[in-house]
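Let me begin by presenting the structure, written as structure tokens, before commenting on it.
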Amino acid sequence: MKITVIGGGYVGLTTGICFSYVGHDVDIVEKDHARFSALELGKLPIYEPGLDDLLQKSRSRITFSNKVNRALLNGSELIVIAVGTPPKDDGDADLTFLHAAVEEVISYLDRSAQAVVAIKSTVPVGTNDMLAEKFGLILAGHRVQFVSNPEFLREGHAVYDTLYPDRIVVGARDRDAVGVLREAYGPILQRSFVKPDFITDGTEKDLPYFIVTTPKSAELVKYASNAFLALKISYINEIAMLCEKVGANVRDVALGMGTDSRIGRSFLNAGIGWGGSCFPKDTSALIRTSEKHGSELSIVRAAVKVNDNMKDYFVKNVESTLGDLQGKTVAVLGLSFKPNTDDVRDSPAMELVDRLVKKGAVVKATDPIAIENARKVLPESDKVIYEEDVYKALEDVDCVLITTEWPHWSKLNFERMARIVRQKLIFDGRNCLDKELLEGLGFFYKGVGR
Ligand code: UDX
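Okay, so the sequence shown: first residue is 1187 according to the working numbering, each after it adds one.
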């Protein structure tokens, strides 16, 4: 099948490259000059494990364009829109890029075109219907259909999530359009592609569900899923704070809860809170949608509030042991919003660095891959020092904060760490280090809820 993907961000690139890997001919349109130049040279402008491997294996079936290619577009049976929908100040999703992309596609489509336009960008409920109405007149006579096809991939696991999804959700008004999506996802639905070498686990999982519904329901599936995951984390974080008060261990509580198959073990890791490019923006957008429709959605509001409180709570914990942070030097280990990504968008770690600096601390921050992006958000200064070498970041600090659970941290040489820090204090905001081991080396260790 021939497919055009508009937008070469995380979602567009992963979708486009995976579609080509499973056998389709794909053109990915990316307008940003720097990103496009990198792609043209066969280099990925994002860090995503395994994606480069798939790109190299699919080179013959994939092209990159810096503007819509009329011939390729008109030859495409499926056009996937995967442009950003960032939050506006009021929390609403900003659809400027989406409208521009759709308008451009429409302007390039010949009257004889027969295409399905799948909206993969996360868009508020009603957007697909609005697009159909807005462009319905222009499209009269064309066989063009808008379909909602939300994306559920996680950064850091994007290839796995795309090739081995739990479900494909399609919101469509037209049966033929559903058929086009079913065909595009055919190799993924039947798992008929060659398993990439770097994927080692979980491939025995059940084949994906193919869920067909209305555009509005499909749009809501995406928001409702992300908000549910966010509130699951906020719930365990609130239980973690209770654990501290009553003297229980949240890791054991989460295990005891999560082994109930109705609850499930995942997204019950307590810590400094959720961040990233999806949960914060999607919970805000869902709350805005509920406001517009006179519904309260109090449970999502509570999840957001708990999440905001986690950073205060963590800093207060540090202050209660270390005292006034003015003039103290603090090592911050981890800047990305989670491991296996260089993405620092809405990262709780970055928020913490900012708060510590505002309280007068000097922060020595490190991360295996996110320093370059972190510098763009919080430039280096006499208060924020970025260190590529984790041991340099640990030298002469008054305390160590673990803010992203990179596997690197549990492999550190803790004897060496004990020798080079000024004070042996560790605040593990991700509960990823061995408490007993550290206490055995004379560290004061404080996790979240344990
Ligand atoms: C999320 C959704 O999982 C994905 O389906 C959707 O398409 C996009 O949004 P992503 O933002 O890449 O994916 O990251 P995810 O792995 O879900 O983590 C989000 C945040 O929650 C991170 O800050 C992470 O550290 C935090 N988290 C996750 C926890 O604090 N505890 C957990 O148990 C799980």
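Cβ atoms here follow ideal geometry from the backbone N, Cα and C, with glycine treated the same way. Quick caveat, the model's predicted, so the values are computed rather than measured.
Original post:
Where do the ends of the alpha helix (DSSP H) carrying residue 1331 lie?
Top reply: Segment 1329-1334 is the beta strand (DSSP E) holding residue 1331; no alpha helix (DSSP H) there.
**OP:** Using 7 angstroms as the cut-off, classify the Cβ of residue 1534 as near or not near the heavy atoms of ligand 1, replying yes or no.
**Re:** It does: the Cβ of residue 1534 is within 7 angstroms (strictly closer) of some heavy atom of ligand 1.
Original post:
To which residues does DSSP link residue 1277 through a beta bridge?
Top reply: In DSSP, residue 1277 forms no bridge with anything.
Original post:
Relative to the C-alpha of residue 1405, which residue among 1467, 1337, 1432 and 1349 is closest?
Top reply: Minimum Cα-Cα distance from residue 1405 among the listed residues 1467, 1337, 1432 and 1349 corresponds to 1337.
**OP:** Determine the direct distance from the alpha carbon of residue 1567 to that of residue 1583, and round the result to whole angstroms.
**Re:** Near 17 angstroms, if we compare the C-alpha coordinates of residue 1567 and residue 1583.
Original post:
Between which two residues does the beta strand (DSSP E) carrying residue 1550 extend?
Top reply: Run containing residue 1550: 1548-1552, per the beta strand (DSSP E) assignment.
Subject >> Residues of its chain near residue 1309, where Cβ-Cβ distance is below 8 angstroms and the 5 sequence neighbours each way are ignored >> reply: Beyond the five residues adjoining it in sequence on each side, residue 1309 comes within less than 8 angstroms, by CB distance, of 1271, 1279, 1281, 1284, 1334 and 1405 in the same chain, given in chain order.
**OP:** Return yes when the Cβ of residue 1615 is within less than 8 angstroms of the Cβ of residue 1532, no when it is not.
**Re:** Cβ distance not < 8 angstroms, so residue 1532 and residue 1615 don't count as in contact.
Original post:
Skipping 5 residues on each side, what residues in its chain have a beta carbon closer than 7 angstroms to that of residue 1277?
Top reply: Within the same chain, 1470, 1471, 1473 and 1474 come within 7 angstroms of residue 1277 by CB-CB distance, once the 5 residues on both sides are set aside.
Original post:
Which residues bound the alpha helix (DSSP H) around residue 1421?
Top reply: Unbroken alpha helix (DSSP H) run through residue 1421: 1401-1432.
**OP:** Using alpha carbons as the reference points, say which of 1233, 1235, 1236 and 1229 lies closest to residue 1249.
**Re:** Selected option, being the one with the closest Cα: 1229.
Subject >> Length-filtered (4 minimum) alpha helix (DSSP H) runs lying within the segment 1253-1313 >> reply: Within the segment 1253-1313, the complete alpha helix (DSSP H) runs of at least 4 residues are 1256-1260 and 1282-1294.
Original post:
Of the choices 1522, 1290 and 1496, whose alpha-carbon is the least far from that of residue 1419?
Top reply: Scanning 1522, 1290 and 1496 for the CA closest to the CA of residue 1419 turns up 1496.
Original post:
Taking the beta strand (DSSP E) that residue 1664 falls in, what are its first and last residues?
Top reply: The structure shown does not extend to residue 1664, since the chain is modelled only from 1187 through 1636, so no value can be given for it.
**OP:** Check residue 1386 in the structure and name its three-state DSSP category.
**Re:** Three-state result, residue 1386: coil.
**OP:** Determine, using beta-carbon pairs with one atom in the segment 1337-1348 and one in the segment 1516-1528, whether at least three such pairs fall under 8 angstroms.
**Re:** Output reads yes: the segment 1516-1528 touches the segment 1337-1348.
Subject >> Residues of its chain near residue 1559, where Cβ-Cβ distance is below 6 angstroms and the 5 sequence neighbours each way are ignored >> reply: 1528 and 1530, listed in sequence order.
**OP:** List the whole-angstrom C-beta distance separating residue 1549 from residue 1518, where the pair is believed to meet the contact cut-off of C-beta under 8 angstroms.
**Re:** Right, their Cβ atoms sit about 5 angstroms apart.
Original post:
Any heavy atom of ligand 1 closer than 7 angstroms to the CB of residue 1463?
Top reply: If you check the C-beta of residue 1463 against ligand 1, you find a heavy atom less than 7 angstroms away.
Subject >> N-terminal and C-terminal residue of the alpha helix (DSSP H) that residue 1468 is part of >> reply: Per DSSP, residue 1468 belongs to the alpha helix (DSSP H) from 1465-1478.
Original post:
CA-CA distance, residue 1426 and residue 1436?
Top reply: Rounded to the nearest angstrom, the two C-alpha atoms are 5 angstroms apart.
Original post:
Can you pull the DSSP bridge partners for residue 1353?
Top reply: Paired residue(s): 1395.
Subject >> residue 1611 to residue 1316 span [Cα, whole Å] >> reply: Going by C-alpha positions, residue 1611 is about 55 angstroms away from residue 1316.
**OP:** Would you kindly work out how many angstroms separate the C-alpha atoms of residue 1195 and residue 1269, rounded to a whole number?
**Re:** CA-to-CA, the gap between residue 1195 and residue 1269 works out to about 7 angstroms.
**OP:** Please determine if the segment 1438-1455 and the segment 1504-1519 are in contact, where contact requires at least 3 C-beta pairs separated by less than 8 angstroms.
**Re:** At 8 angstroms Cβ cutoff, the stretches do not touch.
Original post:
Buried or exposed: which applies to residue 1565, given that a residue is buried once 16 or more other Cβ atoms fall within 10 Å of its Cβ?
Top reply: So residue 1565 ends up on the exposed side.
Subject >> Three CB pairs or more closer than 8 angstroms across the segment 1615-1626 and the segment 1447-1466 >> reply: With a cut-off of 8 angstroms, the segment 1447-1466 and the segment 1615-1626 count as touching, because enough Cβ pairs lie within range.
Original post:
Anyone know if the C-beta pair for residue 1374 and residue 1265 falls short of 8 angstroms?
Top reply: Judged by beta-carbon spacing, residue 1265 lies beyond the 8 angstroms limit of residue 1374, meaning their Cβ atoms are not closer than that value.
Original post:
So which of 1592, 1586 and 1536 has the shortest CA-CA distance to residue 1631?
Top reply: Ranked by how close their Cα comes to the Cα of residue 1631, the residues 1592, 1586 and 1536 have 1586 in first place.
Original post:
Could you check where the alpha helix (DSSP H) with residue 1227 kicks off and where it finishes?
Top reply: Per DSSP, residue 1227 belongs to no alpha helix (DSSP H) and is neither H nor E.
Original post:
Three or more C-beta pairs closer than 8 angstroms, one from the segment 1209-1226 and one from the segment 1384-1399: is that the case here?
Top reply: No: the two stretches stay apart, fewer than three of their Cβ pairs being nearer than 8 angstroms.
Original post:
Taking C-alpha atoms, which residue in 1366, 1403, 1332 and 1542 lies nearest to residue 1291?
Top reply: 1332 is the residue among 1366, 1403, 1332 and 1542 whose C-alpha sits nearest the C-alpha of residue 1291.
Original post:
Is it the case that the CB of residue 1415 approaches a heavy atom of ligand 1 more closely than 7 angstroms?
Top reply: Set against 7 angstroms, the gap from the CB of residue 1415 to the closest heavy atom of ligand 1 is smaller.
Subject >> Where residue 1519 sits in the DSSP three-state scheme >> reply: In the structure shown, residue 1519 falls within a strand segment according to DSSP collapsed to helix, strand and coil.
**OP:** Measure the CB-CB distance between residue 1262 and residue 1354 and report whether it falls below 8 angstroms.
**Re:** Contact: no.
Subject >> Three-state secondary structure assigned by DSSP to residue 1614 >> reply: It is a strand residue.
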